[in-house]
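Numbering (the working numbering), first residue to last: 120 to 708.
What follows is the structure in structure tokens.
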């Protein structure tokens, strides 16, 4: 397909939806229903739309810049937002070590969860009813990966989805420019959400769940702010219609950028699932026209005159608790040996960011403290950084407790970004995109305190500028016109199984509600013991393969299951290797 490039920088916003069914390979290079041109790349013809959503299928040849949707270019400016409502196919998609040969993988596909004797029956069923096109495509993908990615240590491509603003229409690596979210595969923890902040990825959410997500990236003249929302209680996100501020970048400055969503790889080893995009939007947000966007406390700290009593750009007047500060063209300047000043918001801060300029001379020995959860001058949290180390401190009634320590500290002779991400339960601290202490700190102390500020020592301290603090959640901009997530509406409990009654095999047992359990698959046994359904197995006598017990269900449109699972064993290292969950069962194929 010949792609027609837009010739001018775009200035108008849009909302792009995918209500029309469009065959694979015919989405990119055409205009959508709103009239916006859909650029990007579809080298293998894997992008289509159906049932109200864009569909992105797995690539045969993984890689960036081969499968994605892009709009633009746009001129970088404050308040220009790109929003995407997307369900990533598999957050831990990656190209890594294919430990099985192609023959072994084909055998596993043919046998499925059954034994070798089931292969003829399964192949006959596939020849009659299987999805031939998708299967042959998967075989070709396995063959390609088998040739190029056998025995690759530590994986070769662990990032699978990128959403945001890119300096080119077809990015070869979304981590080297622009402002985008990137999903990174982490194996057992499913995925980690990164943002581009400075010269390295900043990890904002670990244990990323496979649920629909609303991503929003709001540009600035320099950098951008990142937000995300999802279903109620989804880990790390705001509950729709609120979004959570997740990160700030203060440095990206490409004058023209493209809004886009790109997929580099889908599936893990041999598994596959498509990604779905429900809507995209680019809009100018008047409410975010200032450099600080959605912040409720913000001050560039530049200019001249004393800080005490002066008004921040948003958030009221500064209160100096100790010492004295003065504004300067390069940022705030302390005037005494010990100096503490703060702003107080109406809500606790969930994201705090500041830029620190660290000189090459003796100023590198001085420390900067970024303060938040401030209740008063004797009770607050702070991140203390200098050229050598980073300390997470908590003050209670004037007593100082060192919570964590990390090295190194600030980079000398350049601008540094300090950032705190705090949901009230867990704290993550960053310097130049690096997660400090290699972990997040769980602590609710002073979680409702709403003060944010700075503590500086010595007159020759490093200069701090562009301090901003955002609430823990903010409303999703209505201009993006996101549809709410699907909800089942009113539901009723049809079956509540408490496993009370006489001991014995679960098969044939009637539930409250007159449904009967049956063993639908496998050779193992689940038995009622001590008011619970117990898998009859042990490390010395394991369960003989996958075992499934089901009850009949007559509503193909909806079912909601909930189960409490107690893993086997009493501690780590017992090698129980237990795995259990819920299943929607149609038939043996």
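All residues carry an ideal CB built from backbone N, CA and C; glycine is no exception.
Closest by C-alpha distance to residue i, when choosing among the options
i, options, result
"residue 192", "252, 585, 155", "155"
"residue 710", "623, 427, 548, 609", "Past the boundaries of the shown model lies residue 710; the chain is included only from 120 to 708, so the question cannot be answered."
"residue 614", "475, 535, 682", "682"
"residue 196", "517, 401, 511, 650", "401"
"residue 434", "414, 443, 362", "414"
"residue 385", "132, 629, 150, 176", "176"
"residue 369", "589, 222, 317", "317"
"residue 635", "626, 642, 641", "626"
"residue 420", "474, 469, 466, 398", "474"
"residue 213", "296, 276, 235, 603", "276"
"residue 440", "448, 453, 132, 449", "453"
"residue 179", "657, 602, 382", "382"
"residue 565", "499, 533, 545, 525", "499"
"residue 279", "609, 306, 262", "306"
"residue 395", "136, 706, 507", "136"
"residue 241", "226, 428, 255", "226"
"residue 546", "621, 492, 418, 397", "492"
"residue 524", "495, 554, 530, 609", "554"
"residue 652", "640, 667, 659", "667"
"residue 603", "304, 333, 513", "333"
"residue 380", "183, 451, 129", "183"
"residue 562", "294, 540, 616, 628", "540"
"residue 129", "608, 393, 157", "157"
CB contact check: residue i to chain B, cutoff 9 Å
i, result
"residue 251", "Protein chain content of the structure displayed is limited to a single chain, and chain B is not contained in it."
Sub-9 Å separation of residue i and residue j beta-carbons
i, j, result
"residue 591", "residue 542", "yes"
"residue 100", "residue 411", "Lying outside 120 to 708, the shown extent of the chain, residue 100 is not represented and no answer is given."
"residue 302", "residue 338", "no"
"residue 431", "residue 462", "yes"
"residue 526", "residue 503", "no"
"residue 299", "residue 324", "no"
"residue 522", "residue 560", "yes"
"residue 601", "residue 359", "yes"
"residue 190", "residue 485", "no"
"residue 345", "residue 378", "no"
"residue 468", "residue 376", "no"
Local Cβ density within 10 Å of residue i, reported as buried at 16 or more and exposed below that
i, result
"residue 408", "exposed"
"residue 569", "buried"
"residue 619", "exposed"
"residue 481", "Annotation note: pLDDT 49 at residue 481 (below 50); position unreliable, no value reported."
"residue 655", "exposed"
"residue 283", "buried"
"residue 606", "exposed"
"residue 260", "buried"
"residue 510", "buried"
"residue 222", "exposed"
"residue 574", "buried"
"residue 272", "At residue 272, the pLDDT of 48 sits below 50, so the modelled position is not reliable; the number obtained from the coordinates is stated separately. Exposed."
"residue 704", "exposed"
"residue 311", "buried"
"residue 428", "exposed"
"residue 314", "buried"
"residue 347", "buried"
"residue 532", "exposed"
"residue 650", "exposed"
"residue 612", "exposed"
"residue 677", "exposed"
"residue 437", "buried"
"residue 700", "exposed"
"residue 610", "exposed"
"residue 648", "exposed"
CB-CB length for residue i against residue j, believed under 8 Å
i, j, result
"residue 361", "residue 593", "7 Å"
"residue 186", "residue 165", "6 Å"
"residue 146", "residue 161", "7 Å"
"residue 159", "residue 288", "7 Å"
"residue 470", "residue 331", "Going by Cβ atoms, the distance from residue 470 to residue 331 rounds to 23 Å, so no, they are not a contact pair."
"residue 646", "residue 623", "6 Å"
"residue 643", "residue 663", "5 Å"
Residue i - containing alpha helix (DSSP H), residue span
i, result
"residue 243", "238-248"
"residue 437", "Residue 437 -> no alpha helix (DSSP H), and no H or E assigned at all."
"residue 634", "Taken as a continuous stretch (DSSP letters only), residue 634 belongs to no alpha helix (DSSP H), as it is neither H nor E."
"residue 213", "From DSSP, residue 213 is part of no alpha helix (DSSP H); its letter is neither H nor E."
"residue 337", "Element bounds for residue 337: not the alpha helix (DSSP H) but the beta strand (DSSP E), 332-338."
Endpoints, the beta strand (DSSP E) within which residue i is located
i, result
"residue 319", "319-325"
"residue 539", "533-541"
"residue 157", "156-161"
"residue 454", "No beta strand (DSSP E) holds residue 454; DSSP gives it neither H nor E."
"residue 343", "343-349"
"residue 500", "498-504"
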